[in-house]
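J.: Residue numbers (our numbering), protein chains in the order written: chain B, 5 to 353; chain W, 712 to 976.
Pasting a structure below so you can have a look.
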Amino acid sequence: MQSTYIGRPTPLYFAKRLTEKLGGAKVYLKREDLAHTGAHKINNALGQSLLAKRMGKSRLIAETGAGQHGVATATGAALVGLECDIYMGTVDMQRQALNVFRMKLLGATVKEVDIGSRTLKDAINESLRDWTTNVRTTHYVLGTAFGPHPFPMLVRDFQSIIGKEAAAQILKAEGRPPDCLIACVGGGSNAIGLFNEFLDTDIRMIGVEAGGKGIESGEHAARFADGSIGVLQGCKTYLLQDNDGNVLDTHSVSAGLDYASVGPEHSHLKESGRVEYTFATDDEALAAFETLSRTEGIIPALESAHALAEVIKVAPVLPRDSIIIVNLSGRGDKDVQQVAKIKGINLCA
Amino acid sequence: MQKTRISIMFEALQARNKKAFIPYLMAGDPDAGTTLQQVLLLERCGADIIELGVPFSDPLADGPTIQKAAGRALKSGTTLRKVLSIVRDIRSQTDVPLILMTYYNPVFKYGEKAFIHDAIHSGVDGIIVPDLPPEEAGELIKLSRQGTGGRRLDTIFLIAPTSTPMRIKKIAAASSGFVYYVSVTGITGAALEIDEGFRRHLDLVKHATDKPVAVGFGIATPDQALKVAQIADGVIVGSALVKVFNETPDQAENLIRGLKEAISK
């Protein structure tokens, strides 16, 4: 199923023109955007769908922000023959309308979440409420390495194939391991999926959060830059919260990164110093989105564009013989309408 | 160490073969003054123990009615600190046993030790933290038992219809004052069906512990309260009251008296 359905292994592609443009380290893209349904999310969604079928459940539920995990879960449900309800904030439904329709085409019901910030956080709340109510018949396919045990480990393990493949592929291409790994971090599943294989090495790793309109603006989702430790949705981790422990609203141009908390293993890796965490602003991500499109003919997801924005910063200052692998976690088709809107272009006119 | 007001209340009720009426209110919905008035009304109408909800931005265990109430309370600036000040105001007027139902993050942010100390000094008698499983509550339980100034806090944990016999024992052991039996799989305000499965599982819980067992989630009418009171030691009513106080406050006293009468039968 990995090879014939998902299309694994996904290629590790040497981005020659981007490398030349940046004038520093060699940049390789791990092409998760080429996985079935267009993002790494399928690795976990399919794994959990099969698990649910095996457990004898009749129904799947999932939360989704950008819609990629919702699409992946709806796909898994169709494939193994389970009912499927997807919770999605109304703000995200607007900016990811294409994915909403994809989920419906796949036979899932998209349930509007019109409370709180109306984004990913509230979709998770609603999913947990549904799961509590229907636990006897329903499996909750949590989409990121977050939430109550065992989800952070379960999702990491399903995603760790990304790093396993990349390790073998880079050896074949370059005859040696990479010097630096870069991935965006919303909940953190694509990042932990890439990093996990390399944690015991001394290879540099960078996780990139959503800097939104900048940290000073308060409108961002940079938990490590501006948050503190808290307990939310079943795990203890970094959290954007006020002094009384209420969760703050977040902002990002990318729905998949627009989230107040982060997977607990990333908090551990931050505290231990093993992984560096930084952020890219909306503007930097949008610039990277265009750069990759024009230099390589690959339109990245806005989430992945945050990782690319960091590549654009670090590649030029690294030696030409060093190697970066960036996780291109998803494709950008779903974001085209929103980017057009930001640029003031009306696609329907 | 003194007994908590909660334990004293259950002992007194049990001596008279009576069941506890435990209403729930969202503190600060829509403001502190209203909460004080509602607590006094509840006490006048025969509430045995009162549960005060602490508003939280992400109330995972709550249905739409209490979610919205939390939203209104947060809007009027009701923080955990503010709820403790509401408790002090209540304490200047009544000795009714008070329980705070709060999610864990506000307690974590406040600091467990400081929170337990301030809660006891404000006049809180027990706490329910629905998103904190007993496995993670070791320190909070220890601090609550130790208490301060000769007074302690009861820690009340939730047992679900899906809890296994082993887990029921564990949760009951971590609980003091009483054990909270959640009557439905689901969230507050769900529809309750008092069927054979419910009775059987509640029986299992009552056999697993000698602590009083109160039932909550989904009890909305005097008729349901009557049925639950026949098989449990206490009846908790939340969403139905929050709703009536918000939408038709002039009918609140009627509902409260109806519930009390049903539970006292």
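The beta-carbon is built from N, C-alpha and C at its ideal position, and this holds for glycine as well.
#1: Taking Cβ-Cβ distances shorter than 7 Å, what residues in chain B pair up with W:Q778?
#2: Rounded C-beta distance between B:I46 and B:A39? I'm assuming under 8 Å.
#3: Considering just the uninterrupted stretch of the beta strand (DSSP E) at B:I329, what are its terminal residues?
#4: Got a sec, what are the start and stop residues for the beta strand (DSSP E) B:H143 sits in?
#5: Could you give the DSSP three-state label for W:L854: helix, strand or coil?
#6: Do you know how far the Cα of B:I90 is from the Cα of B:R71?
#7: Looking at C-alpha atoms only, which residue of B:A19, B:V235, B:G69 is the closest neighbour of W:T813?
#8: Closer than 9 Å, Cβ to any Cβ of chain B: which residues of the region 871 to 904 of chain W, in chain order?
#9: Output, in chain order, the set of chain W residues within a Cβ distance shorter than 8 Å of B:Q173.
#10: Determine the DSSP secondary structure at W:D865, reduced to helix, strand or coil.
#11: Hey, out of B:A214, B:A259, B:E24, B:R208, whose CA is closest to B:L273's CA?
#12: Considering only the alpha carbon of each residue, which of B:E201, B:R106, B:V189 lies closest to B:Q173?
#13: Between B:A43 and the ligand HEM, is the CB less than 7 Å from at least one heavy atom?
#14: Tell me the DSSP secondary structure of B:S265 in three-state form.
#15: Let me see if you follow: with CB-CB separation under 8 Å, is B:K125 close to chain W or not?
#16: In this structure, does DSSP put B:Q245 in helix, strand or coil?
#17: B:V159 and B:L110 - do their beta-carbons sit closer together than 8 Å?
#18: Is B:K125 helix, strand or coil by DSSP?
#19: Note down the Cα distance separating B:A1 from W:G945, rounded to an integer number of angstroms.
#20: Verify whether the separation of the beta carbon atoms of B:A4 and B:P323 is less than 8 Å.
#21: I'd like to know whether the C-beta atoms of W:L915 and W:P876 end up nearer to each other than 8 Å.
#22: Suppose you measure from the CA of B:P13 to the CA of W:D740; what does that come to, to the nearest Å?
#23: Determine whether the Cβ of W:T672 lies closer than 8 Å to any Cβ atom of chain B.
#24: Taking a contact to mean a Cβ-Cβ separation below 8 Å, would you say B:K34 touches B:L332 in this structure?
#25: Strictly by DSSP, which residues pair up with B:S232?
#26: Listed in chain order, which residues of the region 808 to 831 of chain W have Cβ atoms closer than 9 Å to some Cβ of chain B?
#27: For W:D906, go through chain B and note every residue whose CB falls closer than 9 Å to its CB, in chain order.
#28: Here's a check: name, in chain order, each residue in its chain whose Cβ is nearer than 7 Å to the Cβ of W:L854, leaving out the five neighbours to either side.
#29: Would you call the CB atoms of B:L50 and B:G80 closer than 8 Å?
#30: What residues in its chain sit with their C-beta under 8 Å from that of B:R122, if we drop five residues either side in the sequence?
#31: At least one CB of chain B closer than 8 Å to the CB of W:S768: is that the case?
#32: Do B:I219 and B:A225 have their beta-carbon atoms positioned less than 8 Å apart in this structure?
#33: Enumerate, from N- to C-terminal direction, the unbroken alpha helix (DSSP H) stretches of 4 or more residues contained entirely within the region 720 to 798 of chain W.
#34: I need the DSSP call for W:L903, collapsed to helix, strand or coil.
#35: Given a threshold of 16 other Cβ atoms within 10 Å of its Cβ, counted over all protein chains shown, does B:P320 qualify as buried or as exposed?
#36: What in chain B is Cβ-close to W:L869, meaning under 9 Å?
T.: Reading off the structure:
#1: I119
#2: 5 Å
#3: 327 to 332
#4: 142 to 144
#5: helix
#6: In the sequence as displayed, the identity of residue 71 of chain B is Gly instead of Arg. Roughly 9 Å separates the two Cα atoms.
#7: B:V235
#8: A871, T873, V895, T896, G897, I898, A901
#9: Per Cβ cutoff of 8 Å: no residues; B:Q173 is ~40 Å from chain W at best.
#10: strand
#11: B:R208
#12: B:E201
#13: By its list of ligands, the structure shown contains no ligand whatsoever, and the ligand HEM lies outside what it can speak to.
#14: strand
#15: yes
#16: strand
#17: no
#18: helix
#19: This structure cannot speak to residue 1 of chain B, because chain B is shown only from 5 to 353.
#20: Nothing can be reported for residue 4 of chain B: it is not among the residues displayed for chain B, which extend from 5 to 353.
#21: yes
#22: 55 Å
#23: With chain W covering 712 to 976 only, the question about residue 672 of chain W has no answer from this structure.
#24: yes
#25: B:L243
#26: Y814, Y815, N816, P817, V818, F819, K820, Y821
#27: Within 9 Å Cβ-Cβ: nothing; W:D906 doesn't reach chain B, min ~15 Å.
#28: E823, K824, I827
#29: yes
#30: G93, T94, V95, D96
#31: yes
#32: no
#33: 743 to 755, 775 to 786
#34: coil
#35: exposed
#36: Per Cβ cutoff of 9 Å: no residues; W:L869 is ~11 Å from chain B at best.
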